[in-house]
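Notes follow once the structure below has been shown.
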Amino acid sequence: MAKVKIQVNGREVEVDEGLNLIEAARIAGVEVPHFCYHPGLGVDGNCRQCLVEIDGIPKLQIACNSFVKDGLAFRTDTERVTRMQAGVLEFLFLNHPLDCPICDQSGECLLQDYYISNGKYESRLDTDKRHKRKAVPVGPRVMLDAERCVLCSRCVRFCDKVTGTGEMRIVNRGNRAEITTYPDRPLENDYSLCTVDVCPVGALTSKDFRFRKRVWHLQSAKSLCTGCSRGCNVYMEHEGGKVYRYRPRENMHVNDFWMCDPGRLTYTPLNDERLDVAIVTGEERTLPESIEQVGTWINIAVASGQSDSVAVLVSPQSSTETLYAAKRFAKDILGGARIGGGNVRPAGVQDEILRRADANPNSKGLEMLGLSADPAAVLSAGGTVLLVIDDDPLGMNPDLAGAFGKFEHVVYLGSNENATSAKAEIALPITPHSECDGTFVNFEGRVQRFWKALTPRGDSLWSPTIMGRIAEFTGQEFGWKSVRDLWADLQKTEDAFAAIDYASLGEVGAAAGSGQPASASAE
Amino acid sequence: MEIKRLTKNFGNPESWTLAAYEKTGGYQMVKKAFAMDPEAIIELVKQSGLRGRGGAGFPTGMKWGFVPKQSDKPKYLCVNADESEPGTFKDRYLLEHDPHALVEGIIISCWAVGIRYAYIYIRGEFGLPYYRIEAAVKEAYEKGYLGSNLNGKGFDLDVTVHRGAGAYICGEETGLIESLEGKKGQPRLKPPFPAVVGVFGCPTVVNNVETIQSIPWIIEHGAEEYRKAGTEKSPGTKLFSVSGHVKRPGVYEIPLGLPCKTLVHDLCGGIIDGKRQKANIVGGSSVPILTGEEADNVDLDYESLAAAGTMLGSGGMIVMDEDTCMVWALAVLLKFYAHESCGQCTPCREGTGWIRNLVYRLEAGDGKREDLDKLLSITGNMMGTTICVLADAAAMPTESFIKKFRAEFEAHVGAGRCPIRGKSAHFLAHAH
Amino acid sequence: MQPYAKPNLDIAGREACHVESMGHSVAFSDASMERFRHLLTRYPNKQAALLPTLWMAQQEFGWISTEVIEYVSELLELPPSHVYGVVSFYTMYYRKPMGKYHIQLCTNLSCMLMGGSTVLDALQEKLGIGLGETTADGMFSLDEVECLAACEMAPCCQMNDEYHGPLTPESVGRFVDELRARGK
Ligand SMILES: Cc1cc2nc3c(=O)[nH]c(=O)nc-3n(C[C@H](O)[C@H](O)[C@H](O)COP(=O)(O)O)c2cc1C
Ligand code: SF4
Ligand code: SF4
Ligand code: SF4
Ligand code: FES
């Protein structure tokens, strides 16, 4: 894209042609206060908060609807701009209930932010405030407080432009204007919680999150949703070792600014019913002694030339690293074990927006590693040891119990207690994607990173580490200390990943098989 | 003093019918225009110096010139018959008395600009004017003045009368366009301007009824003749709607530049009961107010009024006598603006309600002295910060009322009631 | 009456804009359907026909109920929330049943200068109702309205779609009596 030179508060910066002044200022490190503009919803120009002074134009202009061209210079720091911005903010407070102490948005509210940086009036606002509806459930997942609404229309535009469902509307006019749904037509589309994200104030809040946590306590890590094969980019927000919510993270290649409602709730297994210690026949054991037991069985199989009596059942729920480690474990450590796995999850809903029917985050990774997606071939004929990695095949498909029973030992590597862990002779705790670095490959073949957010729970370890420790009992090792080490091997040994360099995946990932170096699509 | 160009047929028997209109030479100018090159018509309108009569006074020929000549999309004309500016009622007269002149003006304008479809956006409250213009359009279709191949060379034109439903803001040209598209009438951001992206995403001309109705006259008599009335910079005649405390309220077509005094004291017969003129809002409620004295010394043309710190606006003149309380009058006007703000821009949505409440409070004698400066500061924050100029239209009169009649406002502070009227008004929130 | 406009009452638990139900579904008559189809030919898309369709609906069904909103939104393939937003924006779509004679008195400046408020007081007293109300017999509804563009006949009112003025406190009394006789 063509670049142009502009000046922001006297500082020259080079930006892409066609940007509006809010985006251009951001590149220059200047924040122009605004409510209605949202990069995913376009310009509406109603809040009037983003007024700036453009050289050569006598009237203040709204930054959201002014666009850069070469040589353009504008300021956000003049007395006039500051005064007018404070004026607009004061108007917004005129009928605002000022209930920050009990507001969920407190801490991430633009009104509050700008009030602190600009405002100082209150005493002038001595006329009666208008009252509107408070604490109204506008849908199964979203609560509305119409008094806090600044009427920016972001939620309306979201439902009109992104989902096309059109539930939200501003009705009446003048200062009687109020945000609402049509009576008896609740906000219940599959993306309804995005309205909570785009709402710049505490008017729309998530029922799941309401009052659970003051947001300023939360920490945030870049992560991915594992709800389906789209792999929406998210912020994983957590505190005290617990994940509180997912919020969509911008990635224009994958999910723009959005994620689906069901996907948002997929964080719960990261907190609940965790398998965080090793269990051997129903008893808690230390990890080393449990690993030793598995290692011994494996060693016997290898030493007796019966590698093919071992089977490794993998899952498209696993990270690429887990899958690669499992593949190396089966093919190199054991040299001839059966490995494969498949989609045990029922197909979900697919739509035109984000949701994919394939409910696994890494089906494509499984395919790229050349692993069979057919569990039958892996399980048939039974054998000595069955290593089940991730997910809950037995819970999803109880019919597999018969096939499992044909193995002498069933070992489970997973992060949650479930039907499979209960059935396994030994269950070993591995870190879920909240507790390690790694990647998933989405349905389009985009390799995307997730980042470690929390310290591993209990005795949990990164699955390649556990597999490495088991391998040690056969006198072999992987030698991977980190994801990077693993990826160095992965890139060398797997053609499908040859063009992708972990170090340059960046925040937005890279398309596999595009033939381009991965860095080209990293930002 | 009066010059009857657009009002020449008023008072003719059944002047609104096709038969009556044709009897006085109606639709002859369509023929003349069809014989002219469209470009030449635009040029003629430019030379006439005709300025838009809806309020902003933008030169009509120039506006037409902004419409792209070549366009893949059809072009549209929206005739603004929303007439909602308080004190203005001249378009109603034109629609009631001479609707065919509007249809004729539309045909010529569309021919000149290459327009395929025209809508007449008429305010919802209008009953009789609506029936008259509907009937006129129907008659014009039946007679072949509208429809397809009007000039024998493939010029098609369809005209539809579209009824509003009660919203002042639909008079603002982009609010009108939104409303015509079946939405709330909330003005659009500009740019893009309607001439390029207007109704249904197509190039669009929006003109006031009076503006369009001036076109047949200009075709008939030429630009030079048109300029014989009015001043150098404000040529032609203008319809003024005069109301308030004058003896003969009504619509007067006068040459621009006529002294305001002549209109008020001669044509309208002066102030009722021979009282003094305390104040005059000359161009519709949205323009700054003049004191009676200022009004008696100003001429009614764009430049003189600008020099006097006000505007010609829509020509809706509201005259107030010596007994009128200015705080009360402002309160009445602010009730209107707060009710009519479309509500999308923060400064207008909140500001109109805020200043209204403050002025209500002042009127009731419950205000505080600092409210006056507070009002001026609020209006300062409203002006120039919004999508359309409704916010300015509420702020400007407020400023001018307070500046020109400050003593009266101060006299209300702490008085417990209106000291002029001796009681306080009972302002009500609108039922709607 | 209130000395000055108070903010509206707490509306928690109610809709932001109250539309009543008729209690039965609605559909255009054949003749109206014919008109509706003609209407669609006058606009390049269905949405543009919304205002005129609502006018037709109001004429046929008397007022715009939730059922009418849903019917119109189906006819024009629009989300009901859109129609709801539009209905709430304009003042002339009635969201509850109205009296046979709807009197709307202009309370803008030109009419108020000429004694509009005394006419308003007289009307309220004569009808025994306040603004926004309908008489018990369903004969009259009373509202205020902004400038009707008829200031030469100030103070004036709109009765259904006719304009009347100039009014005096005495003349409106007679006017109401005439209407009452006409309406019987
Ligand atoms: C709040 C507001 C209300 C307006 N109302 C009207 C109106 O009722 N009638 C009208 O012709 N123009 C009205 N205008 C002016 C229109 O926006 C527009 O300038 C005009 O229709 C253009 O026509 P003209 O150039 O022929 O005057 C209004 C403008 C504003 C800002
Ligand atoms: S609810 Fe939130 S997003 Fe929607 S209009 Fe109000 S402030 Fe904007
Ligand atoms: S679309 Fe898929 S990846 Fe995206 S949020 Fe929903 S479930 Fe998660
Ligand atoms: S200035 Fe007022 S009327 Fe105009 S667009 Fe903004 S809110 Fe609407
Ligand atoms: S962000 Fe520019 S007007 Fe709201």
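One line per chain: the protein sequences are A, B and C, in this order. With the working numbering applied, the first sequence has no gaps in its numbers, which climb one by one up to 523 at the end. With the working numbering applied, the second sequence has no gaps in its numbers, which climb one by one up to 432 at the end. With the working numbering applied, the third sequence has no gaps in its numbers, which climb one by one up to 184 at the end. All C-beta atoms, glycine included, are put in the ideal place defined by N, C-alpha and C. These numbers were taken from a predicted model, which means no experiment stands behind them.
A/G263 Cβ short of 8 Å to ligand 3 heavy atom set: yes
Backbone secondary structure at A/S519 - three-state DSSP: With a pLDDT of 42 at A/S519, under the threshold of 50, the predicted position of this residue should be treated as unreliable, and no value is reported.
Coil, strand or helix - C/A12 by DSSP: The predicted model places C/A12 with a pLDDT of 41, which falls under 50 and marks its position as unreliable, so this point remains unresolved.
Sequence-distant residues of the same chain with beta carbon closer than 7 Å to B/P259, five excluded per side: D299
A/F91 beta carbon near ligand 2 (any heavy atom closer than 8 Å): no
Distance between B/G414 and A/A135 (C-alpha atoms, nearest Å): 40 Å
Host alpha helix (DSSP H) of B/H221 (start-end): V209 to Y226
Anticipated Cβ contact below 8 Å, A/L323 with A/L369, distance rounded: 5 Å
CB contact check: A/T165 to chain C, cutoff 9 Å: yes
Distance, A/G402 Cα to A/S538 Cα: Residue 538 of chain A lies beyond the residue range present for chain A, which begins at 1 and ends at 523; the question has no answer from this structure.
Between the CA atoms of B/E22 and A/C159 - distance to the nearest angstrom: 54 Å
Residue-chain proximity (C/Q59, chain B), Cβ-Cβ < 9 Å: no
Cβ pair count under 8 Å reaching 3, the segment 184-202 of chain B against the segment 102-111 of chain B: no
9 Å Cβ cutoff, C/I69 in contact with chain A: yes
Cβ of B/I133 within 9 Å of any chain C Cβ: no
Runs of beta strand (DSSP E) lying entirely within the segment 288-370 of chain A, each at least 3 residues, in chain order: 310-314 and 338-341
N-terminal and C-terminal residue of the alpha helix (DSSP H) that B/T160 is part of: No alpha helix (DSSP H) contains B/T160, which is instead part of the beta strand (DSSP E) from D158 to R163.
Residue burial classification, B/N149 (beta-carbon count within 10 angstroms, cutoff 16): exposed
Option in A/I389, A/E283 and A/R285 with minimal Cα separation from A/K327: A/I389
Chain-ordered chain F contacts of A/V201 [CB-CB under 8 Å]: Here the protein chains are A, B and C, and chain F is not one of them.
Residue range of the beta strand (DSSP E) that includes B/D321: G316 to D321
Limits of the unbroken beta strand (DSSP E) element including C/C106: Y101 to C106
Distance between C/F36 and B/V66 (C-alpha atoms, nearest Å): The sequence shown places Phe at residue 66 of chain B, not Val. Whole-angstrom Cα-Cα distance: 35 Å.
Reduced DSSP category for B/Y145 - H, G, I as helix; E, B as strand; rest coil: coil
B/G127 beta carbon less than 9 Å from that of C/Y163: yes
C/V176 versus C/L127: straight-line alpha-carbon distance, rounded: 8 Å
Test item: CB-CB of A/G45 and A/S106 under 9 Å: no
9 Å Cβ cutoff, C/V26 in contact with chain A: no
B/H339: contacting residues in chain A (beta-carbon distance under 8 Å): G174
C/Y84 - containing alpha helix (DSSP H), residue span: P80 to F89
Runs of beta strand (DSSP E) lying entirely within the segment 98-146 of chain B, each at least 3 residues, in chain order: 117-122
Coarse secondary structure for B/T231, derived from DSSP in three states: coil
The segment 129-148 of chain A contacting the segment 188-195 of chain A, beta-carbon criterion three pairs below 8 Å: yes
When B/G49, B/V161 and B/G309 are compared against B/D82, the one with the closest alpha-carbon: B/V161
Contact shell at 5 Å, judged by CB to any heavy atom of ligand 3, ordered along the chain: A/C225, A/G227, A/C228, A/R230, A/C232, A/M259, A/C260, A/G263, A/L354 and A/R355
Residues that C/R42 contacts on chain B, provided the C-beta gap is smaller than 8 Å: D158 and T160
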